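Structure first, then comments.
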Amino acid sequence: MDSIRSSLDQYMKNQNWRRRYEELKDEVLAYPKIQSFLQHHEEIEDTQVENNMMKLFEYKRERENCDACPGLENCPNMMQGFQPELYSETGQMTVRYHPCRLKQQEDEKRRQQSLIRSMYIPKEILEASFDDIDQDHASRLSASNACLKFAFEAEPGEDATGLYIHGKFGVGKTFMIGAIANELVARDISSMIVYVPDFFREMKQALSDGTVQEKMDEVKNAEVLMLDDIGAETTSAWIRDDVLGVILHYRLMEKLPTVYTSNYDYDDLENHLSYSQKGGIEELKAKRIMERIRHMTKEIFVDGKNRREM
Numbered sequence: 065m066d067s068i069r070s071s072l073d074q075y076m077k078n079q080n081w082r083r084r085y086e087e088l089k090d091e092v093l094a095y096p097k098i099q100s101f102l103q104h105h106e107e108i109e110d111t112q113v114e115n116n117m118m119k120l121f122e123y124k125r126e127r128e129n130c131d132a133c134p135g136l137e138n139c140p141n142m143m144q145g146f147q148p149e150l151y152s153e154t155g156q157m158t159v160r161y162h163p164c165r166l167k168q169q170e171d172e173k174r175r176q177q178s179l180i181r182s183m184y185i186p187k188e189i190l191e192a193s194f195d196d197i198d199q200d201h202a203s204r205l206s207a208s209n210a211c212l213k214f215a216f217e218a219e220p221g222e223d224a225t226g227l228y229i230h231g232k233f234g235v236g237k238t239f240m241i242g243a244i245a246n247e248l249v250a251r252d253i254s255s256m257i258v259y260v261p262d263f264f265r266e267m268k269q270a271l272s273d274g275t276v277q278e279k280m281d282e283v284k285n286a287e288v289l290m291l292d293d294i295g296a297e298t299t300s301a302w303i304r305d306d307v308l309g310v311i312l313h314y315r316l317m318e319k320l321p322t323v324y325t326s327n328y329d330y331d332d333l334e335n336h337l338s339y340s341q342k343g344g345i346e347e348l349k350a351k352r353i354m355e356r357i358r359h360m361t362k363e364i365f366v367d368g369k370n371r372r373e374m
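Numbering (my numbering), first residue to last: 65 to 374.
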């Protein structure tokens with residue numbers, strides 16, 4: 065008696081499964097995108113359709129998610145941000161996945177963001193744009209035009225000519241180099257913005273953990289290097305000669321442009337670099353550094369209101 069009941073239960077289960085399968089099959093074949101695909105690929109035989117029903121079901125489920133897209137962050141597909149497509153290869157059906165439009169946009173945004181690296185630079189600087197630069201002073205207008213021209217024309221590996229942007233506190237020098245970095249992104253040119261005083265402090269600390277060369281290589285190899293607030297650091301002979309001097313010499317040899325911002329003009333920076341932390345004066349070594357900077361930059365003066373006080 066039990067065996068008969070068991071057999072009947074199994075039969076009913078099989079019948080329910082078969083009925084549900086036929087219902088799903090009808091739903092799959094009624095899906096407009098599948099109907100259109102089969103109409104355009106008459107070489108696909110009915111047996112192939114039957115044998116690939118699970119693939120078609122997968123395609124329908126994932127594609128319907130795309131049709132009612134809830135946004136990339138809430139994408140319910142098996143591979144978030146990937147859209148299914150049906151393909152026919154020699155009469156065989158297959159489902160392939162490719163990044164959807166939103167996924168492509170997000171990937172491109174991340175790729176572009178990766179082109180701008182920074183050390184100790186505020187987020188708002190990394191989002192700077194030339195459209196946001198105040199044109200309330202003739203020198204600021206002239207400086208922003210020169211910076212934009214550099215962003216359009218810079219050729220890392222071909223020309224090492226950079227910019228030396230100087231002026232008093234708060235006139236927007238750092239904001240301008242952030243705008244340069246974002247403009248370079250449009251040309252697929254990577255850049256690195258470094259706040260000089262903090263970088264030099266880190267280099268001194270790197271002596272104890274043996275990472276000096278690693279950190280220097282990261283900076284000196286940037287396609288476009290931007291040294292922000294040079295001259296605000298405490299100078300030592302080692303920093304001047306074995307860090308800054310080595311970086312600038314490498315970039316000159318490799319024809320990699322460097323952009324500087326400073327509160328000092330050329331002469332004042334040379335004077336600053338000539339004094340070491342121990343109180344010595346080394347004018348010749350400072351002059352060597354400045355020869356490289358002068359020779360490979362265009363000087364830009366920025367004046368105007370102190371934006372930090374507004």
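A virtual CB, placed ideally from N, CA and C, is assigned to each residue, including glycine. The model shown is predicted, which means the values in this text are computed figures rather than measured ones.
| Check | Outcome |
| --- | --- |
| Own chain residues within Cβ distance below 7 Å of residue 284, not counting five before or after | 311, 314 and 315 |
| C-beta atoms of residue 287 and residue 254 nearer than 8 Å | yes |
| Rounded straight-line distance, which links the Cα of residue 250 to that of residue 203 | 26 Å |
| Per-residue burial, residue 214 [other beta carbons within 10 Å of its own, 16 or more giving buried] | buried |
| Integer-rounded CB distance, given that residue 295 should sit under 8 Å from residue 327 | 6 Å |
| Check whether residue 307 and residue 267 have beta carbons under 8 Å apart | yes |
| Terminal residues of the beta strand (DSSP E) in which residue 121 lies | First-last for residue 121: 117 to 131, but that is the alpha helix (DSSP H), not the beta strand (DSSP E). |
| Of the listed residues 269, 149 and 153, nearest to residue 160 (C-alpha basis) | 149 |
| C-alpha distance - residue 158 paired with residue 151, whole-angstrom precision | 5 Å |
| Beta bridge counterpart(s) of residue 159 as assigned by DSSP | 150 |
| Unbroken stretches of the beta strand (DSSP E), 3 residues or longer, contained in the region 175 to 240 | 180 to 183 and 226 to 231 |
| Backbone secondary structure at residue 369 - three-state DSSP | coil |
| Of the residues 275, 323 and 282, the one placed nearest residue 292, counting alpha carbons only | 323 |
| Buried or exposed by the 16-neighbour rule on C-beta atoms within 10 Å, applied to residue 80 | exposed |
| Rounded straight-line distance, which links the Cα of residue 257 to that of residue 363 | 19 Å |
| Distance, residue 366 Cα to residue 205 Cα | 9 Å |
| Helix, strand or coil at residue 386 [DSSP, three-state] | Because the chain in this structure spans residues 65 to 374, residue 386 falls outside the shown range and cannot be described. |
| Distance, residue 269 Cα to residue 138 Cα | 44 Å |
| Residue 230, buried or exposed, once every other Cβ within 10 Å from all chains shown has been counted against 16 | buried |
| Contact under 8 Å by Cβ, residue 147 with residue 162 | yes |
| Residue 321 to residue 186 span [Cα, whole Å] | 23 Å |
| Where residue 353 falls: helix, strand or coil (DSSP) | helix |
| Residue 68 (DSSP reduced to helix, strand or coil) | Unreliable placement is indicated for residue 68, whose pLDDT of 43 sits below 50; no coordinate value is reported for it. |
| Pair within 8 Å by beta-carbon distance, residue 190 and residue 178 | no |
| Residue 184 and residue 263 closer than 8 Å at C-beta | yes |
| For residue 124 and residue 25, believed in contact at Cβ under 8 Å, the rounded distance | For residue 25 there is no data in the structure shown, the boundaries of the chain being 65 and 374. |
| Residue 212 and residue 239 closer than 8 Å at C-beta | no |
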